[in-house]
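Student:
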Amino acid sequence: MEYGYEGASLRRIAKEASVTTGAIYGYFPSKEALFDALTGEAADELLEMYQQSHVEFALLPPDQQAKALDDISDQSAPSIINFVYDRFDIFKLLFLKSSPGWCDSYLDQLAQIEEASCWEFMKVMKSLGYNVMEVDATLIHIISRSFFLQLLEFVAHDVPREKANSYMISLVKFQHAGWKKIMGL
């Protein structure tokens, strides 16, 4: 955490752990593998958890999806915050101290889940006769990614869990008002 991915050499890690560099290589073939051992499980679990919440939403009957939008988000947003805050140091390492480009790539993976769900939801709302505004892929990406940038900001600024939950609920309501306008709801 002190040096970040770039500054934490395996020599320095070995010295701090009172082992040889060779001993570390016996367990991890590279610094990247060591970083993945520290962070990969939590990162993958968050991706899976977020994907699952979207799968559950998509399984709702089309006529119930618009009504369920707020309920689903009111449940999933605190779950995401609590998941991250239960593993705060790991996500701080992931979001702020990872290798160049890693965090962007990870946030893009999360945003892709949101983007796919948005496109599907728009299609469903159109099929139900709602006057869905025409938007392009860039705008959908920006809106989707902004949600996760907010999460990153909570971690970057050491926002206490209770405030992060409160902020997230407010931000979700703010975003939903915009989505409802776009969806013609």
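Following my numbering, the numbering of the sequence shown begins with 8 at its first residue and continues without gaps. All residues carry an ideal CB built from backbone N, CA and C; glycine is no exception. These numbers were taken from a predicted model, which means no experiment stands behind them.
(1) In three-state DSSP terms, what is R94?
(2) Taking the alpha carbon of L45 as the point to measure from, which residue in I79, L101, G29 and F64 has its own alpha carbon closest?
(3) Assign I87 to one of two classes, buried (16 or more other C-beta atoms within 10 Å of its C-beta) or exposed (fewer than that).
(4) For S124, which option in R18, Y32, A49 and A73 has the closest C-alpha, if you only look at C-alpha atoms?
(5) When burial is assigned at 16 or more other CB atoms within 10 Å of the CB, is S105 buried or exposed?
(6) For S60 and E127, I'd like the C-alpha separation in whole angstroms.
(7) Please report how far the alpha carbon of Q71 lies from the alpha carbon of V166, in whole angstroms.
(8) Cutting at 6 Å between CB atoms, please list the residues of its own chain near K99, excluding the five before and the five after it.
(9) For the structure I just gave you, are there three or more beta carbon pairs, one from the segment 105 to 118 and one from the segment 142 to 153, closer than 8 Å?
(10) In angstroms, rounded to a whole number, what distance separates the CA positions of Q157 and M175?
(11) Do P69 and L135 come within 8 Å of each other at the CB atom, strictly closer than that value?
(12) When the Cα of V131 is compared with those of F95, P85, S112 and M190, which residue comes out closest?
Tutor: Result, derived from the coordinates:
(1) coil
(2) L101
(3) buried
(4) A73
(5) buried
(6) 14 Å
(7) 35 Å
(8) V162
(9) yes
(10) 8 Å
(11) yes
(12) M190
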